[in-house]
Structures are given as C-alpha cells and as structure tokens.
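J.:
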Amino acid sequence: MSSATTKARDQQLDRRNFLRVTASAAGGLLVSLYLGSPSAAQEGGPPNPQPKNYPPDAFVNIRPDGHVVIQVNRLEFGQGVHTALPMILADELDADWSQVVAELAPAGEVYKDPVFGIQMVGGSGSIAHSFQQYRELGAKTRAMLVAAAAKRWNVAPEQCRTQESVVRGPGGQSAKYAELATEAARQPVPANVRLKNPADFRLVGKNMRRLDSRPKCDGSLKFGLDLDLPGMKVAMVAHPPVFGAKVKGFDDKAARELEGVREVFEIPVTRGGTGVAIVADKFWTAKRARDLLKIEWDFNGVERADTTRLREQYTQLARTAGLKSIARGDAKALDAVAASNRIVAEYEFPYLPHAPMEPLNTTVRFDGDRAEAWAGSQFQTFDQMAIAEVLGLKPDRVTFHTEMAGGGFGRRAVTDSHVQREAAQIAKRMRGTPVKLIWSREDDIRGGYYRPMHVHRVEVGIGADGMPAAWRHVIVGQSLLVGTPFAMMMKDGVDNSSVEGVSDTHYNIANFNVSVHHPNVNVPVLWWRSVGHTHSAYVMETLIDELAARAKMDPIAYRRKLLKPEAKKLHAALSLLEAKSAAWRRKLPKGHAAGISCHESFGTGVACAVDVSIENKRPKIHRVTVAVDCGLAVNPLTVESQFQAGVAFGLSQLMAKGAITFKDGLVEQRNFDGYVPPYMPDAPVAVDVHIVPSAEAPSGCGEPPVPVISPAVVNALSRLTGKRYRSLPLVAL
Amino acid sequence: MAKYQLNINGQRKEVTVDPSTPLLWVLREDLKMTGTKYGCGVSACGACTVHVGGVATRSCMLPVALVGERPVVTIEAMSEDPVGRVVQDAWVEKDVVQCGYCQSGQIMTAVALLKHTSKPTDDNIEESMGGNICRCATYVRIRAAIKVAAGKLK
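So the sequences go chain by chain: A and B. Position one of the first sequence corresponds to residue 6 (our numbering), numbered consecutively onward. Position one of the second sequence corresponds to residue 1266 (our numbering), numbered consecutively onward.
1. Can you pull the chain B neighbours of D616 (chain A), defined as C-beta to C-beta under 7 Å?
2. Could one say the Cβ of S1369 (chain B) lies closer than 8 Å to chain A's Cβ atoms, at least one of them?
3. Give me, in chain order, the residues of the same chain whose beta-carbon lies closer than 7 Å to that of R140 (chain A); leave out the 5 immediate sequence neighbours on both sides.
4. Do you know how far the Cα of P162 (chain A) is from the Cα of A133 (chain A)?
5. Should S1344 (chain B) be flagged as near chain A, meaning a C-beta pair shorter than 8 Å?
6. Just mark T386 (chain A) as buried or exposed, buried being the case when its beta carbon has 16 or more other beta carbons within 10 Å.
7. Quick one: does A282 (chain A) have its CB under 8 Å from some CB of chain B?
8. Does chain B have any CB closer than 8 Å to the CB of L394 (chain A)?
9. Applying the criterion that 16 or more other CB atoms from any shown protein chain within 10 Å of the CB defines a buried residue, is Q1270 (chain B) buried or exposed?
10. If C1401 (chain B) sits next to A650 (chain A), beta carbons under 8 Å apart, how far is it from one beta carbon to the other, in whole angstroms?
11. May I have the straight-line CA-CA distance separating N366 (chain A) from F414 (chain A), to the nearest angstrom?
12. Could you check what DSSP says for R375 (chain A) in three-state terms: helix, strand or coil?
13. What are the boundary residues of the beta strand (DSSP E) that K625 (chain A) is part of?
14. Taking only the alpha-carbon atoms, compute the straight-line gap between R1408 (chain B) and L35 (chain A) and give it to the nearest angstrom.
15. Quick one: grab the DSSP three-state call for P1287 (chain B).
16. Among the candidates A:K299, A:T290, A:V274, whose CA atom is the shortest distance from the CA of L263 (chain A)?
17. From the DSSP output, read off the bridge partner residues of W302 (chain A).
18. Please identify the residue among A:R219, A:S657, A:R623, A:V652 whose C-alpha is closest to the C-alpha of L738 (chain A).
19. Determine the DSSP secondary structure at Q658 (chain A), reduced to helix, strand or coil.
20. Does G482 (chain A) come out as helix, strand or coil in the three-state DSSP assignment?
21. Which complete alpha helix (DSSP H) runs does the stretch 154 to 190 of chain A hold, if anything under 4 residues is left out?
22. Please report the Cβ distance between A153 (chain A) and R68 (chain A), rounded to the nearest whole angstrom; I am assuming they are in contact, meaning their Cβ atoms lie under 8 Å.
23. Across the stretch 369 to 378 of chain A and the stretch 428 to 443 of chain A, are there enough close Cβ pairs to call them in contact, namely three or more that are closer than 8 Å?
24. Tell me which residue opens and which closes the alpha helix (DSSP H) that F387 (chain A) is part of.
25. Taking the straight line between their C-alpha atoms, what separation do you get for C222 (chain A) and A1415 (chain B)?
26. Kindly give me the distance between the Cβ atoms of P203 (chain A) and G506 (chain A), rounded to whole angstroms, as I take these residues to be in contact under 8 Å.
27. With a cut-off of 8 Å, do at least 3 Cβ pairs link the stretch 556 to 570 of chain A to the stretch 444 to 453 of chain A?
28. Between A418 (chain A) and M125 (chain A), what straight-line distance do the alpha-carbon atoms span, to the nearest angstrom?
29. Please state whether DSSP places N676 (chain A) in a helix, a strand or coil.
30. Bridge partners for H1316 (chain B) per DSSP, in chain order?
31. With a cut-off of 8 Å on the beta carbons, I'd call A599 (chain A) and A721 (chain A) a contact; round off their distance for me.
32. Which residues of chain A have a Cβ atom closer than 7 Å to the Cβ of M1394 (chain B), listed in chain order?
33. Counting only C-beta atoms, is M241 (chain A) closer than 8 Å to chain B at any point?
34. Assess contact between the stretch 1357 to 1375 of chain B and the stretch 1384 to 1401 of chain B, defined as three or more Cβ pairs (one per stretch) separated by less than 8 Å. Is contact present?
35. With a threshold of 16 other CB atoms inside 10 Å of the CB of P703 (chain A), please say whether the residue is buried or exposed.
36. Is it the case that the Cβ atoms of I75 (chain A) and V65 (chain A) are separated by a distance below 8 Å?
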C-alpha cells in the first residue's frame, strides 16, 4: 500500500456514490469503490441507502509519476489473477501497461467477491466473478480523466481519445493521466459508462506475461513465510497426534534450556484439542525445542480413524441407498436389464493432502485494542474474523494483510481458520510482539483438512444401442460443508460438493438415480482443487469409456452421442480435441495407447487426449492435448499455463504414494517421502492446449484442468492392460 | 552457539548460531536472504537448493558447521551470474512461474545443470530436475525454459 492510499482509507469520505475519486495527498488520482452491492454497481444503479460504517478503499491509484496501482481483490497463489485482473481494468482505462503495478488488497469490505459476498478465492471464480467489476472500474476512471481533459480544452468528451495513459483532444491537445489527476478528482463519478467493444480490447484476450514473474525468479518476492518484522519471534505448535486429543501434562524443562526459547504454553487447537506452543527467536530453535518437549496426551473420548476399517464401512454403506440427490425416470428400469448387460463398479478414493509448497503460516501482532495480521489467505473475511474473535476485538480492529502464497489448492480456504486461530492465541499471550506461526511440512501432511476419502458404487444397465439405459449411483464420503458457515447450502442433508459432476452430469441418461451417505469421521476435511470433481469425473469418465469400448465405438464419438445437445461447451471442446489430436492418435508408437476424457466443472468444458505407455511399471505420459471452452480467455497465456500444469497437478491422484492413510487414529505419512506428489518424470512430457474461440463471459480455469487427466490416463492404461482401475492411488498397474 | 565465517555470494559473512542449524535457516533468518525456500526440511523437494562449492545442494539438511570454506551461492546472486541471468530470462520469457515458491530451487538446479551440460537432452533434464517438486506442476514450461536457456548459452 502506498502511504497516499493508506491515508485516503483513513479519511471520512462522501458515501453517496459507489465510486469516489480523490486527489491523493501526493497529487495523484485515487478511485475508490465502496458500499458496493454488485448488482447495483453493475447497473450503475442507485447508491446504497444504508451505508455501513467502514472506510472506503481504493481500487485504482494513478500516481503523479504515472504509475497506475491496481488493487487485486483476492489472493494470488499461482492462478494468475495478480496479472489478469489488472489487465481487465487497465484495458478499459486505456492505461499504459508498462506503468501498471498490481498489489494484493488487504481484507476489506469492498474487496469481497461480488458473487460470494465474502473476500475469497475459490470455485474458480476470480475472473468469472470480477470481470465485469474490473471493467467498470477501469471504464469509469477513464471517463473521469476524459471529462477533466475535455473541460480543460473546452471540447466535448466524445471528441477525446485515450491511449497508453494519455488523453488526446480533437485539436492535437494531449495530457498524461497523471497530469489530469487533480482535475479528474473533481469530476462527478459517472453512474453509467459505456464499456469497450470486445473487438477494441488491447490487453484482454492477448498473451500477457505475468507481472510477478521476475521477482519470483530472482528470490526477491516475499511470501508470507518470508515476512520479517522488527522484534518478530517464531512459533511452532506441538499438535495432538489424534485430532481432538488434549494435553494431559507436559515437561518443557529441556526445551526451555535452549538458548532463544521465549515461551512454552498450552493453546487450544482444532476439533476441541489442545497443543503446546513454543515461541523462540528463530525457527530452528523452535523446532529443536518442540522435539525436546515431553507431552502426555489425553485421548479420552477421541475417535481414532482407521482407513482400512473406513473402507470396509464405506463399501457396505455404498450397497444401501443414501440420501436422495437425484432420481430421474423409472427407478425399476435397472432391474429390467439382463445381468449380462449390466456393469457393477465399486470405486475407492483416499484422503488427499493439498501440500502447497509454502508451508502454512500466519503472523499476528496484538496490541491490546487492535491487531495486525499477515497471511496468504484464500478466505480473508473468515480469517480476519477468527483472529478478531480470539483476541476479543471487532474485525475492523484487525488489519489483515494478504501475503503472496506459495500454492494453496484449497488449503488456505478453511472456514474454521484453524491456523489463524493458533497464531492469534499465541499473539494474545505475546502481546506487543509480532509472532510468526510456522507449520512444518510434517505438521501440514499430518494436520488434517484433506480431500475426503470416498467410495462410489455404480450399477449401469446397458441398452440395446450400447448407451446407458439406467444408472444407479451411491456415493459415500464425509461432507465438506457440515459444521461450516456454508452448511446452509446443503439441501435435505445432501452436500452437493460430494455429488457434483455426477448428479449434474451432461450425459443424457433417462433413468438416473444418485444418492449419498455422509459419515461422520474424526478427520477434518476440505475442498481440494476441483472438489467433488476430483472423484466424480474419474468415475463418470472411466465408466463412459468402458461403455464406449463395450459398444465398440470411438470414445469421442460415443461421448458426443451421449451428451445432451445443450452441453455446448463440452461439444465444442470435444470437437476441437478431435481436430487437434486425431492425427497423433492415429500414429501412436507400439506400446502406446490413447486415452480420452471430458468433463465440465466451474462452467468450463474440457476435453483431453493422452498418449501413454508403461515404463518401469508406471504410466509414462508422453503427450496431452487439451481443448477448453472457458468463454472469453482473458489471458490465454495463463489459461494455457493453468492447463499445462493443472493436468500434472491432477496426476497427484495416480501417484503410487499419493494418499493419506490412518492407522489407529495416526496419519501414516510424514513428509514428501511418504506422501509423494508428481515430480517432473511423473508429469506429461508435452501438453498442448487449445482454447475454443468464444465471446461468452469468462468462466474459471483454476480447477477445471484437474478432473480430466486421471480418467484419461487410466482409460489409456486399460487399453494397454485390459484391466479397469477403480481404486486410487494407483499402487500397481 | 558457535561463530562461523561463511562465503556467501562472494561476500564474507559471520554468524553466531547453534552448529546444528541448517544452512537454509542461517540464510533465511540470520542473513535475511529469503530467496532460498523451506519446503520440506528433509531434502525431498529441492526448494532450498543452493550451490555449495559449485554443486547444487539441499541447504535444509546441511548443518552450518559442515559448510566450511566452500563458497555458497544463492538465488540472490543469479542476476549477476552469466548462466543464472540467462536462465532467469528464459523463465520469464516462457512465463514459467505460477505460485513461484519452488522456482528459486528450480532455477538453482537448472543453472547447475547448464554449467555442466550446455546442451542437455530431455533425459539430462529429467535426471537433474527430477528431484525438485513444483506443486503447481509447471514442469512442461520448466523443461521448455531450460531448452531456451541452453539455446542462448551455446
């Protein structure tokens, strides 16, 4: 934040408009948005009649030196919004891109996601939800600069043109945006503004390199874990080995003898458990001190999860009907199909850790009547509230800085903010001292909040035409939403995040029945990049492939025949995939096979083809061709990057050691030796990404790469081995 | 606690730390050089890779007491390094990074590879880079950037 921006935030400003312009103290132009109900803002509609009491915040700051500082209203953790959102605003503003600076906005009312109503990253909504918002911000700012120039030159605004941060008048006049800033600040904010014709976009739709590339390549970019504040201490927590267990007693004598250990004390942790916090001058001291603690745990009344037992329990449950998700057509149609024309398939999926490269961390300083926090957060609103609650403050007394994060994949979007609560508990005790809580990799791998384990049982009755005539599907898995603020989204006990990708399938299956069981298990669970689609797409796309093989039909043709005509994005993606992959699929070397899959998630249709062989008893992925319909691709270079890398991330599911297992309540993995994500040799050698040309509104690209890859790879493996792969991780071929 | 004289990026640095402290944490906390990252602490991910005596080395398990006279080179010196600069430029040209957290280690590993093998094959690249985790899994572009850098270095 520039000092001018911060200063303006503290000022009491007129609240009659959604956008407010001010001359910054330094003479620049500051455009703030506040009190925004998105629908009203999009219509340029009436101001909010009941303004809430919070300070306005700036989205755009045109500095006297010409820099255009744009606030990004959500976390950057790889997905590229730190470049794409400024592109959208700068395009409508006609700003000089070389002068654009992006900043991650702190927690603030105005930075809430216009659709979700909280400040967050999730649901692949960054661009989809803020595209219109950032266009309007840019267009309105431009209109005020033009109005100021028109007034100065005594011409009509319509006679002025803008380009590269300069306004040009009809008589050859020109003025840089920075020169017009003070006068622009006196112009009324336009209620309505004409947005660009997409044909006139100069940035949107172009391949733009990331703004954060260089500092991420020279080590200068500061992530949350790199934060260094004067007088800062480092904290670690010894967590209970079983979720919810409590400290019965502990001996910290040896730990306290280490030079640099400041405090050792008990704190509450997730699921009603307690742990022991160590505060030290430095990380290595804190870690050594933690290793020296002797803690006796109280496991009384704490359920000890065991994945072997859970698997048996889930498999049994899957043989009974669960809570109804969808029941379409004739419930008895399946029983009318001869046994020889039925497939019964049972699938198993393990718990999965997100394991973002930057270990979890949060820094908090508590000053009695206010606090300051720093975290790479996908859920700023919840995390700020949680810290405030622990410290007995109102949320607006907690200044919450959004730090660049080293990955997340859902792990930094936790409704109970358990990491921030731990950090706040420690800061409360260490009043006045900034304390950085660091979770080690072991803490992360063993710390819960996994993609839940699931079992699917599917019975398919095949019609005379080779198409599925009846489909009965039972899913067993913990709900992600139960006990969270999102529980209200559940309908009749069904958590849609367990059945998405199945119940809302775009395949045209007349007699279709899906039900779900949500067992309670003492393992905290969380959304993992693409959420329910991680397992639902695997089940659907391997079964559809199996059906296509039985029908002796081409897998792309079979899918297109079965897909509803209104599944336009999937049809478009499959059509493009066919065009881009047919040639190489026809000329595969001996020992290679092609695998196909397609899936729509988060509004984006994706189809992919893979070229796979078996090397050292593992799948070797030589090539992936992806076709994607994501509406208008704001930054095609980022869309390509998300798909090239996202499919490799998705292969986490197939890794031989790609699972979290429990034995007697204890996590059996510790670090990247026990839980092994894909390394370069496990990833595809080449990925070519093809984007369906589209003028439709943009849809998400963060999560949609993940669901398609695993089924495509095992569909290819099935062609090579004749086996079906229904249990993940893929331990043996 | 003991006093150590280290040669970091050509400069002499003195630190007083516990002898068991890994070089990683000396760099990050005592010398405030945070470009080198903590990812796993068990030499499994490569985010902490630096060059020690010219060899790509995991700094998270190298106790400072064992560094000795060997020169240590970190990501912070790569902009001034003839190979390092070319590799960084290639990374930017190919728009490799996503979250970027592992990329210091990836670049340090790639620079070590290119200093020994100026024209690496795909197999050379997989062998050298095969121990570094990129959780975003930007491997296709890492591979492409190494080839771009190799092309410029010949």
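For glycine and all other residues, C-beta sits at the position ideal for the given N, C-alpha and C.
T.: Answer, in terms of the structure:
1. Neighbours of D616 (chain A) on chain B: none; closest Cβ ~14 Å, over 7 Å.
2. Interface residue, yes.
3. The beta carbon of R140 (chain A) lies closer than 7 Å to those of I93, E97, L200 in the same chain, with the five residues before and after it left out.
4. Taking the CA atoms as reference points, A133 (chain A) sits about 31 Å from P162 (chain A).
5. Yes, S1344 (chain B) lies at the interface with chain A (some Cβ there is under 8 Å from its Cβ).
6. Using a 10 angstroms sphere on the CB of T386 (chain A), the tally of other CB atoms reaches 16 or more, which defines it as buried.
7. Among the residues facing chain B, A282 (chain A) is not included, as its CB has no counterpart in that chain under 8 Å away.
8. The amino acid at residue 394 (chain A) is misidentified as Leu; the sequence shows Glu. Not one chain B Cβ lies under 8 Å of E394 (chain A).
9. Exposed.
10. Contact flag correct, Cβ pair sits at about 5 Å.
11. Those two C-alpha atoms are separated by around 15 Å.
12. DSSP, reduced to helix, strand and coil, places R375 (chain A) outside both helices and strands of the structure shown, so it counts as coil.
13. Taken as a continuous stretch (DSSP letters only), the beta strand (DSSP E) holding K625 (chain A) covers 623 to 634.
14. Put simply, the backbone Cα of R1408 (chain B) is about 43 Å away from that of L35 (chain A).
15. Reduced to three states, the DSSP call for P1287 (chain B) is strand.
16. Closest option to L263 (chain A), Cα to Cα, is A:T290.
17. A:V252, per the DSSP bridge assignment.
18. Residue A:R623 is the option with its Cα nearest to L738 (chain A).
19. Of the three classes helix, strand and coil, the one that applies to Q658 (chain A) here is helix, per DSSP.
20. G482 (chain A) falls in the strand class under three-state DSSP.
21. For the stretch 154 to 190 of chain A, whole alpha helix (DSSP H) runs of length 4 or above, ordered along the chain, are 182 to 189.
22. Not really, about 16 Å apart at Cβ, beyond 8 Å.
23. Judged by pairs of C-beta atoms under 8 Å, the stretch 369 to 378 of chain A touches the stretch 428 to 443 of chain A, as three or more such pairs exist.
24. Residues 385 to 396.
25. Their Cα atoms are separated by approximately 17 Å.
26. With a Cβ gap of about 31 Å, P203 (chain A) and G506 (chain A) do not count as contacting.
27. No, they do not touch.
28. A straight-line Cα-Cα distance of about 8 Å links A418 (chain A) and M125 (chain A).
29. N676 (chain A): coil per DSSP, three-state reduction.
30. Looking at the DSSP output, H1316 (chain B) bridges to B:A1321, B:V1338.
31. Between A721 (chain A) and A599 (chain A) the Cβ distance is about 6 Å, and since that is below 8 Å, they are a contact.
32. Under a criterion of Cβ atoms nearer than 7 Å, the residues of chain A adjacent to M1394 (chain B) are, in order, M685.
33. It does not: the Cβ of M241 (chain A) has no partner Cβ on chain B nearer than 8 Å.
34. Under the Cβ criterion (8 Å, minimum of three pairs), the stretch 1357 to 1375 of chain B counts as touching the stretch 1384 to 1401 of chain B.
35. When all chains shown are included, P703 (chain A) counts as buried.
36. Yes, the pair counts as a contact, with Cβ atoms nearer than the cut-off.
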